[in-house]
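Protein chains: 2
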Amino acid sequence: MSDKRVYLYDSTLRDGAQTQGVDFSATDKAAIAQSLDLLGIDYIEGGWPGANPTDDAFFGNPPTLHRAKLAAFGMTRRAGRSADNDPGLAPVVSSGADVITLVGKSWDFQCTVALGVDLDENLRMIGDSIRHATTKAKEVIYDAEHFFDGYKGNPDYALKCLKAAHDNGARWVVLCDTNGGTLPDEVERIVAAVTKVVPGSHVGIHCHNDTENAVANSLAAVRAGARQIQGTLNGLGERCGNANLISLIPSLVLKMGYETGLSASDMTRLTQVSRELDERLNRAPLRNAAYVGEAAFAHKGGLHVSAVEKDPKCYEHIAPELVGNHRKILVSDQAGRSNFVARFREIGLDIDPKDPRIAGMMDEVKQREFSGYSYDGAEASFELLARSYLGEVPEYYRLSSFRVIDERRWNARGDLITLSEATVKVSLRDATQMAVAEGNGPVNALDAALRKVLLPVYPELQDLKLVDYKVRILTPEAATAAVTRVLIESADRRGNTWTTVGVSGNVIDASYNALRDAIVYKLFRDGASV
Amino acid sequence: MSDKRVYLYDSTLRDGAQTQGVDFSATDKAAIAQSLDLLGIDYIEGGWPGANPTDDAFFGNPPTLHRAKLAAFGMTRRAGRSADNDPGLAPVVSSGADVITLVGKSWDFQCTVALGVDLDENLRMIGDSIRHATTKAKEVIYDAEHFFDGYKGNPDYALKCLKAAHDNGARWVVLCDTNGGTLPDEVERIVAAVTKVVPGSHVGIHCHNDTENAVANSLAAVRAGARQIQGTLNGLGERCGNANLISLIPSLVLKMGYETGLSASDMTRLTQVSRELDERLNRAPLRNAAYVGEAAFAHKGGLHVSAVEKDPKCYEHIAPELVGNHRKILVSDQAGRSNFVARFREIGLDIDPKDPRIAGMMDEVKQREFSGYSYDGAEASFELLARSYLGEVPEYYRLSSFRVIDERRWNARGDLITLSEATVKVSLRDATQMAVAEGNGPVNALDAALRKVLLPVYPELQDLKLVDYKVRILTPEAATAAVTRVLIESADRRGNTWTTVGVSGNVIDASYNALRDAIVYKLFRDGASV
Numbered sequence: 001m002s003d004k005r006v007y008l009y010d011s012t013l014r015d016g017a018q019t020q021g022v023d024f025s026a027t028d029k030a031a032i033a034q035s036l037d038l039l040g041i042d043y044i045e046g047g048w049p050g051a052n053p054t055d056d057a058f059f060g061n062p063p064t065l066h067r068a069k070l071a072a073f074g075m076t077r078r079a080g081r082s083a084d085n086d087p088g089l090a091p092v093v094s095s096g097a098d099v100i101t102l103v104g105k106s107w108d109f110q111c112t113v114a115l116g117v118d119l120d121e122n123l124r125m126i127g128d129s130i131r132h133a134t135t136k137a138k139e140v141i142y143d144a145e146h147f148f149d150g151y152k153g154n155p156d157y158a159l160k161c162l163k164a165a166h167d168n169g170a171r172w173v174v175l176c177d178t179n180g181g182t183l184p185d186e187v188e189r190i191v192a193a194v195t196k197v198v199p200g201s202h203v204g205i206h207c208h209n210d211t212e213n214a215v216a217n218s219l220a221a222v223r224a225g226a227r228q229i230q231g232t233l234n235g236l237g238e239r240c241g242n243a244n245l246i247s248l249i250p251s252l253v254l255k256m257g258y259e260t261g262l263s264a265s266d267m268t269r270l271t272q273v274s275r276e277l278d279e280r281l282n283r284a285p286l287r288n289a290a291y292v293g294e295a296a297f298a299h300k301g302g303l304h305v306s307a308v309e310k311d312p313k314c315y316e317h318i319a320p321e322l323v324g325n326h327r328k329i330l331v332s333d334q335a336g337r338s339n340f341v342a343r344f345r346e347i348g349l350d351i352d353p354k355d356p357r358i359a360g361m362m363d364e365v366k367q368r369e370f371s372g373y374s375y376d377g378a379e380a381s382f383e384l385l386a387r388s389y390l391g392e393v394p395e396y397y398r399l400s401s402f403r404v405i406d407e408r409r410w411n412a413r414g415d416l417i418t419l420s421e422a423t424v425k426v427s428l429r430d431a432t433q434m435a436v437a438e439g440n441g442p443v444n445a446l447d448a449a450l451r452k453v454l455l456p457v458y459p460e461l462q463d464l465k466l467v468d469y470k471v472r473i474l475t476p477e478a479a480t481a482a483v484t485r486v487l488i489e490s491a492d493r494r495g496n497t498w499t500t501v502g503v504s505g506n507v508i509d510a511s512y513n514a515l516r517d518a519i520v521y522k523l524f525r526d527g528a529s530v
Numbered sequence: 001m002s003d004k005r006v007y008l009y010d011s012t013l014r015d016g017a018q019t020q021g022v023d024f025s026a027t028d029k030a031a032i033a034q035s036l037d038l039l040g041i042d043y044i045e046g047g048w049p050g051a052n053p054t055d056d057a058f059f060g061n062p063p064t065l066h067r068a069k070l071a072a073f074g075m076t077r078r079a080g081r082s083a084d085n086d087p088g089l090a091p092v093v094s095s096g097a098d099v100i101t102l103v104g105k106s107w108d109f110q111c112t113v114a115l116g117v118d119l120d121e122n123l124r125m126i127g128d129s130i131r132h133a134t135t136k137a138k139e140v141i142y143d144a145e146h147f148f149d150g151y152k153g154n155p156d157y158a159l160k161c162l163k164a165a166h167d168n169g170a171r172w173v174v175l176c177d178t179n180g181g182t183l184p185d186e187v188e189r190i191v192a193a194v195t196k197v198v199p200g201s202h203v204g205i206h207c208h209n210d211t212e213n214a215v216a217n218s219l220a221a222v223r224a225g226a227r228q229i230q231g232t233l234n235g236l237g238e239r240c241g242n243a244n245l246i247s248l249i250p251s252l253v254l255k256m257g258y259e260t261g262l263s264a265s266d267m268t269r270l271t272q273v274s275r276e277l278d279e280r281l282n283r284a285p286l287r288n289a290a291y292v293g294e295a296a297f298a299h300k301g302g303l304h305v306s307a308v309e310k311d312p313k314c315y316e317h318i319a320p321e322l323v324g325n326h327r328k329i330l331v332s333d334q335a336g337r338s339n340f341v342a343r344f345r346e347i348g349l350d351i352d353p354k355d356p357r358i359a360g361m362m363d364e365v366k367q368r369e370f371s372g373y374s375y376d377g378a379e380a381s382f383e384l385l386a387r388s389y390l391g392e393v394p395e396y397y398r399l400s401s402f403r404v405i406d407e408r409r410w411n412a413r414g415d416l417i418t419l420s421e422a423t424v425k426v427s428l429r430d431a432t433q434m435a436v437a438e439g440n441g442p443v444n445a446l447d448a449a450l451r452k453v454l455l456p457v458y459p460e461l462q463d464l465k466l467v468d469y470k471v472r473i474l475t476p477e478a479a480t481a482a483v484t485r486v487l488i489e490s491a492d493r494r495g496n497t498w499t500t501v502g503v504s505g506n507v508i509d510a511s512y513n514a515l516r517d518a519i520v521y522k523l524f525r526d527g528a529s530v
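Chains as they are written, first to last, in UniProt numbering: chain Z, 1 to 530; chain E, 1 to 530.
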């Protein structure tokens with residue numbers, strides 16, 4: 001095996017599950033494991049057998065993996081017990097997983113203060129547990145908790161802990177920066193010292209992001225000789241999270257020349273794998289995530305854009321396609337003609353750069369931006385504006401009027417309640433229709449009333465969900481005459497999301513404008529017939 | 001000056017303003033500059049005079065700074081022009097800022113491909129522009145765009161560019177990793193090479209986060225001798241953002257032993273400064289942000305909590321108070337009491353830490369926070385809640401009911417208009433009164449109707465202005481059943497501002513709750529008599 005081969009160990013399902021607000025089901029875990037397997041990760045840590053019902057269910061019915069090894073996590077035996085008669089260790093070693101990863105102490109302070117365990121007994125706990133596990137699994141890994149703090153406090157003892165694991169058959173000793181406080185230069189220095197005792201091909205690194213250095217620390221460890229990296233998808237994990245595998249893999253492979261289990265074709269799936277996890281967690285992907293974020297290859301200024309069109313390496317550190325991402329040209333009031341044309345091309349609008357209508361469109365956009373519109377975060381509204389200008393968007397419906405009533409009063413049960421009710425009058429296929437609906441707020445009521453009228457004609461709207469709603473006052477200094485900008489994010493069941501914008505002196509009017517674009521964009525994309 | 005002094009240069013208002021979706025007004029910029037000044041940042045880059053109306057307005061009426069120097073950003077002169085007759089350079093050098101920062105090329109490829117400029121002429125463009133700027137400002141900084149790519153491609157030419165700036169009077173040459181693709185070990189190696197040509201005390205670093213290494217890169221540069229770091233609050237910036245000053249300052253000061261302009265007491269404001277910026281941008285603070293995130297010192301239970309209670313350093317890499325954050329125990333609320341007492345003291349509420357009412361107040365706050373309230377950015381609402389619990393806040397008025405009607409229709413002149421009209425029913429000094437008013441939105445109408453009733457009794461309200469209104473959906477996954485949080489910022493003529501919060505399933509209801517607190521707080525502060 002090449003000296004450049006680095007093994008990737010994913011802990012999304014174990015350490016990642018410690019994230020505040022994250023609560024994986026056994027089904028979630030199986031699906032994520034399969035996604036990691038398909039990606040080409042070497043080790044997938046599934047959880048801690050015996051610790052909770054979800055992990056028991058997962059290991060009771062483990063997913064079929066084709067490339068990765070499944071790892072079960074546990075802790076070294078308790079003090080004063082034998083390893084084969086330890087109730088905590090038993091479910092771990094008998095879980096049937098290919099790999100057993102056992103965490104143990106390596107910091108003398110931690111042994112004496114947190115555990116109250118004799119330092120020599122701790123060495124025996126490590127050795128016994130590892131030796132016992134090697135009789136039950138193909139491969140055993142020792143996770144050295146608090147290794148860096150331990151090394152800084154007492155290097156001899158910390159190294160003895162690693163030796164105890166290594167000498168008793170651990171395939172890997174993994175150095176954990178448990179508190180996340182170690183900086184890259186310290187990591188590099190300490191890992192280099194470790195590799196004099198345990199060969200680097202048997203040393204792993206496990207970092208946390210408490211100083212925003214988890215990725216740099218992991219890469220520093222590899223430079224110093226470590227050949228296993230532990231991390232999680234999107235840096236999930238308690239406190240500030242674990243090392244983000246999605247960010248560190250491309251640097252490792254594309255920039256530092258290391259090999260992993262991922263082929264070049266696997267690498268192009270990184271963006272998708274990252275976003276799928278957010279989808280599962282029902283949270284918006286980080287726009288500015290390294291490599292895979294929606295904004296990672298976005299260009300705003302006019303100068304940047306014309307330079308990127310001349311040669312992408314002027315403003316792109318890698319080709320976005322290598323990680324499955326793509327270039328994005330933003331529209332803003334700084335935009336020159338080259339931005340516009342590039343942006344049109346991106347939305348699939350095939351227009352001759354010399355088309356005289358471009359100047360008119362630019363005027364329209366600039367005028368709207370002057371009045372408070374911003375198409376930076378509202379690509380769907382931009383596309384509708386451009387296509388409408390070219391006469392491509394039909395009039396799916398025409399709103400004649402609406403009225404919304406919000407009322408706060410005491411109800412019959414003596415509770416103070418607030419009700420919103422909307423009435424809309426709409427022209428649709430040459431008929432005028434009215435509808436009324438309630439909602440938990442004026443915009444929600446408007447949405448509900450509009451759907452009542454539109455759904456029978458456009459069943460596509462059944463599959464339209466409003467997922468976020470944001471309001472911003474643009475001219476706070478104008479106080480009551482302020483202009484309001486509303487952004488609405490919508491989604492459909494196929495996982496498409498799009499953002500629309502509305503601007504008005506009246507927040508309800510601005511909201512309606514954004515809502516209208518959300519609906520029209522959905523109908524246009526689906527090719528609804530008028 | 002000590003060799004350990006590192007100067008901090010903030011570019012939130014210039015490079016940070018390039019972030020997708022960020023759109024600072026001149027008022028925003030002034031407020032952020034003052035916050036940075038108060039924090040102890042050395043240089044504040046305000047923008048690019050002449051580039052857009054916002055930056056012109058900002059430099060036309062710059063905020064008063066007490067500790068920081070204000071910097072104006074611009075570009076070296078064009079090819080074939082003289083520096084004192086360059087229309088781009090003129091507004092920058094005549095902006096009146098203490099410091100002028102000029103960006104120029106240092107990459108031969110960039111000169112020939114993007115600019116089509118002769119390499120020798122580029123050196124003259126740098127030298128001439130810097131020399132010209134030194135006659136107009138106290139200090140001049142050269143930003144070497146694409147420096148690392150340039151150095152890797154042609155080290156001699158890249159260093160010549162720096163020399164041209166340094167020899168012509170630049171106080172600093174700043175090495176920009178414009179594409180963000182350079183890794184920490186490369187940064188360290190290249191900065192070390194630069195300091196052989198320009199002394200480290202004149203070298204700065206400007207990193208982008210495209211590989212999630214911007215913080216590590218900045219720290220690596222300092223280790224190699226650089227003594228200025230450029231970055232932004234919360235890592236704002238285009239694509240994946242700039243180096244996050246909020247993350248790197250604590251590592252620099254608390255772990256690496258460097259000195260900055262921040263005193264130990266300034267350091268405790270980092271968490272607040274970070275969250276204030278997010279509040280201004282109307283976005284949720286990152287829970288897992290290094291050092292300042294809500295989860296940065298959160299402990300989820302069991303072993304970790306008991307270990308932390310024995311000795312915090314078992315699971316905390318620094319004491320959270322050093323950066324103004326606090327420990328959060330997710331399963332037990334024993335840690336909360338001292339935090340509460342500290343918050344009371346902060347608002348001037350003098351209460352015995354052993355007062356039995358504290359437990360009740362804590363329950364009330366926790367219950368409200370559970371339902372979506374957040375008092376982090378809404379100190380006025382927190383103060384009212386606490387003082388109301390202690391019976392200190394009189395009932396200035398009682399709202400019986402309100403009704404708001406928003407109507408979009410065609411007016412007599414044939415224009416499409418949206419009108420909002422509110423009716424309120426209020427008990428006041430034992431009489432019930434009704435009033436109706438119009439506004440440019442439902443909340444504005446409600447505010448107007450309330451004032452009609454309240455003003456004759458409380459003339460203090462004449463001097464109450466709503467300056468900002470923000471809406472955030474807290475549970476986007478709940479779609480139409482989402483909980484909404486509204487923040488209202490108010491001001492009076494004496495320059496006091498205060499923020500209040502309202503939460504409800506109905507946005508109008510949430511808005512009213514925040515509005516009520518804004519009014520009551522004003523009356524309470526002014527000692528209005530009931």
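We treat Cβ as the ideally placed atom computed from N, Cα and C, and that holds for glycine. Small disclaimer: the values here were computed from a predicted structure and weren't measured.
Identify, in the order they occur along the chain, each residue of the same chain with its Cβ nearer than 7 Å to the Cβ of residue i, setting aside the five sequence neighbours on each side.
i, result
"R494(E)", "none"
"H166(Z)", "V173, V198 and H202"
With 16 other CB atoms within 10 Å as the buried threshold, where does residue i fall?
i, result
"G414(Z)", "exposed"
"Q228(Z)", "buried"
"D333(E)", "Note that D333(E) has pLDDT 37, beneath the 50 cutoff, so the model's placement of it is unreliable and the number below is only indicative. Per the 10 Å Cβ criterion, exposed."
"residue 531(Z)", "The structure shown does not extend to residue 531(Z), since chain Z is modelled only from 1 to 530, so the question has no answer here."
"S371(E)", "exposed"
"L416(Z)", "exposed"
"K522(Z)", "buried"
Hey, how far is the Cα of residue i from the Cα of residue j?
i, j, result
"D177(E)", "H208(E)", "6 Å"
"Y9(Z)", "L36(Z)", "10 Å"
"L233(E)", "S401(E)", "43 Å"
"N506(Z)", "P442(E)", "8 Å"
List the endpoints of the continuous beta strand (DSSP E) containing residue i.
i, result
"M267(Z)", "Premise fails: M267(Z) lies in the alpha helix (DSSP H), A264 to M267, not in any beta strand (DSSP E)."
Below 8 Å on C-beta distance, what does residue i contact in chain E?
i, result
"S420(Z)", "N506 and I508"
For residue i, which residues from the same chain have a beta carbon less than 8 Å from its beta carbon, with the 5 sequence-adjacent residues on both sides left out?
i, result
"L252(E)", "V6, L219, V222, I229, Y258 and T260"
"T497(E)", "V467, E489, S490 and A491"
What are the start and end residues of the alpha helix (DSSP H) that includes residue i?
i, result
"G127(Z)", "L119 to T134"
"V341(Z)", "R337 to E346"
Below 6 Å CB to CB, which residues in the same chain sit around residue i once its five sequence neighbours on both sides are set aside?
i, result
"K425(E)", "S400, S401 and M434"
"T480(Z)", "Unreliable placement is indicated for T480(Z), whose pLDDT of 48 sits below 50; the coordinate value is still reported in the next sentence. Excluding residues within five positions, none has a Cβ falling inside 6 Å."
"A17(E)", "F24"
"Y151(Z)", "A158 and I190"
Going along chain E, which residues have a C-beta under 7 Å from residue i?
i, result
"G293(Z)", "C240"
"R81(Z)", "In chain order: nothing, as chain E lies at least about 17 Å away."
"I318(Z)", "G181"
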